[in-house]
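Peer 1: Numbered per the numbering used here, the sequence shown spans residues 5 to 227.
For each residue, glycine too, the CB sits at the ideal point set by N, CA and C.
Given the structure is predicted, the values throughout are model-derived calculations rather than measurements.
Would you mind keeping the following structure in view while I ask a few things?
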Amino acid sequence: MEPRILPLFPLNVVLFPGMVLPLRIFEPRYRLMMQRLLEGDRHFGVVLVREGDETGAPAQPHQFGTVAEITKHERLSNGQMMVVSVGIKRFEILRLLEGEPYQQAEVNILEEGDPASPVSSDLQERASDALNRYLEGLAAVTNLTVSLPDEPLSAIDLSYLIAASVQVDNDKKQTLLEIIPVEERLERALALMRAESERIDAFISKWRTRGDFFYRGFRLSLN
Numbered sequence: 005m006e007p008r009i010l011p012l013f014p015l016n017v018v019l020f021p022g023m024v025l026p027l028r029i030f031e032p033r034y035r036l037m038m039q040r041l042l043e044g045d046r047h048f049g050v051v052l053v054r055e056g057d058e059t060g061a062p063a064q065p066h067q068f069g070t071v072a073e074i075t076k077h078e079r080l081s082n083g084q085m086m087v088v089s090v091g092i093k094r095f096e097i098l099r100l101l102e103g104e105p106y107q108q109a110e111v112n113i114l115e116e117g118d119p120a121s122p123v124s125s126d127l128q129e130r131a132s133d134a135l136n137r138y139l140e141g142l143a144a145v146t147n148l149t150v151s152l153p154d155e156p157l158s159a160i161d162l163s164y165l166i167a168a169s170v171q172v173d174n175d176k177k178q179t180l181l182e183i184i185p186v187e188e189r190l191e192r193a194l195a196l197m198r199a200e201s202e203r204i205d206a207f208i209s210k211w212r213t214r215g216d217f218f219y220r221g222f223r224l225s226l227n
């Protein structure tokens, strides 16, 4: 696939293909970017900030990100905009470009895995079962419920869903995003999720007799 020019939106978020990302657009440069996108193909690049901040001076992005497509938008009376986007495909930044108020880059869109190297059905089954157990445990301590699709997920979709769901820091999520082989990404995501599940289980076991407790900023009760 030929390289293409993509507007960039550096954020303190790692977006995976298939995941939904709502945004509130308030900076003039990004309002301009979104207006142009709505007149075009609605595609922009979401990249994790490596150095700098989301607002103000241009941030230094990580080399790999995800193409997002605007699916819904609403203009607010104060000139800001609410945007809903969804991740489509990963990309690699070849070079950053100047000339616009917002960042742009020449990027290479990444294909998904090698069709000649299918992921084992055993790994997919283990990962799917582990994801269900993890989400049940997460719901028990955060009151957060995630509904999974009724139909079986492909190995690619499963790897991204686990990577997006596991409650780890952005650097670890970025590492998962950058892994090209699907089976390796699924194995790594599964290992992170299992480790997090063990921490949650240990935390609940330790504090079960103490009533209310805190988990990642949420005040919770086991009574």
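(1) Ignoring anything shorter than 3 residues, give me the beta strand (DSSP E) runs that lie fully in the region 119-207, in order along the chain.
(2) Along the beta strand (DSSP E) that carries Q108, what are the first and last residues, could you check?
(3) If V50 sits next to L181, beta carbons under 8 Å apart, how far is it from one beta carbon to the other, in whole angstroms?
(4) Helix, strand or coil, according to DSSP, for Q84 in the structure here?
(5) In this structure, how does DSSP classify L15 when only helix, strand and coil are distinguished?
(6) Quick one: what does DSSP say R28 is sitting in, helix, strand or coil?
(7) Taking contact to mean 3 or more Cβ pairs, one atom from each stretch, closer than 8 Å, check whether the region 67-83 and the region 18-30 are in contact.
(8) Should the region 101-110 be called in touch with the region 164-179, which here means at least 3 C-beta pairs below 8 Å?
(9) Based on the DSSP secondary-structure assignment, which residues constitute the bridge partners of T70?
(10) Please indicate yes or no: does the CB of E116 lie closer than 7 Å to some heavy atom of the ligand ADP?
(11) Under the rule that 16 or more other beta-carbon atoms within 10 Å means buried, what is S81, buried or exposed?
(12) Going by beta carbon distance, what residues of the same chain come within less than 6 Å of A131, once the five residues before and after it are set aside?
Peer 2: In terms of the structure at hand:
(1) Entirely contained in the region 119-207, not one beta strand (DSSP E) run reaches 3 residues.
(2) On the sequence shown, position 104 is the one that residue 108 refers to. The continuous beta strand (DSSP E) containing Q108 extends over residues 108-113.
(3) Reading the sequence shown from its first residue, position 46 is the one you call residue 50. Reading the sequence shown from its first residue, position 177 is the one you call residue 181. In this structure, V50 and L181 do not form a Cβ contact; the two beta carbons are roughly 10 Å apart against a cut-off of 8 Å.
(4) If you number the sequence shown from 1, residue 84 lands on position 80. Look at Q84 here: in three-state DSSP terms it is coil, with no helix or strand label.
(5) Looking up residue 15 in the sequence shown gives position 11. Secondary structure at L15: strand, using DSSP grouped into helix, strand and coil.
(6) The count along the sequence shown starts at 1 and reaches residue 28 at position 24. It is a strand residue.
(7) With a cut-off of 8 Å, the region 18-30 and the region 67-83 count as touching, because enough Cβ pairs lie within range.
(8) Under the three-pair Cβ rule at 8 Å, the region 101-110 does not count as touching the region 164-179.
(9) On the sequence shown, residue 70 is found 66 positions in, with the first residue counted as 1. When beta bridges are read from the DSSP output, T70 appears opposite V50, R94.
(10) Of the ligands one can find in the structure shown there are none, so the ligand ADP has no counterpart to examine.
(11) The residue you call residue 81 lines up with position 77 of the sequence shown. S81 is exposed by the Cβ-count criterion.
(12) Walking along the sequence shown from the start, residue 131 turns up at place 127. The residues are L162, L190, L194.
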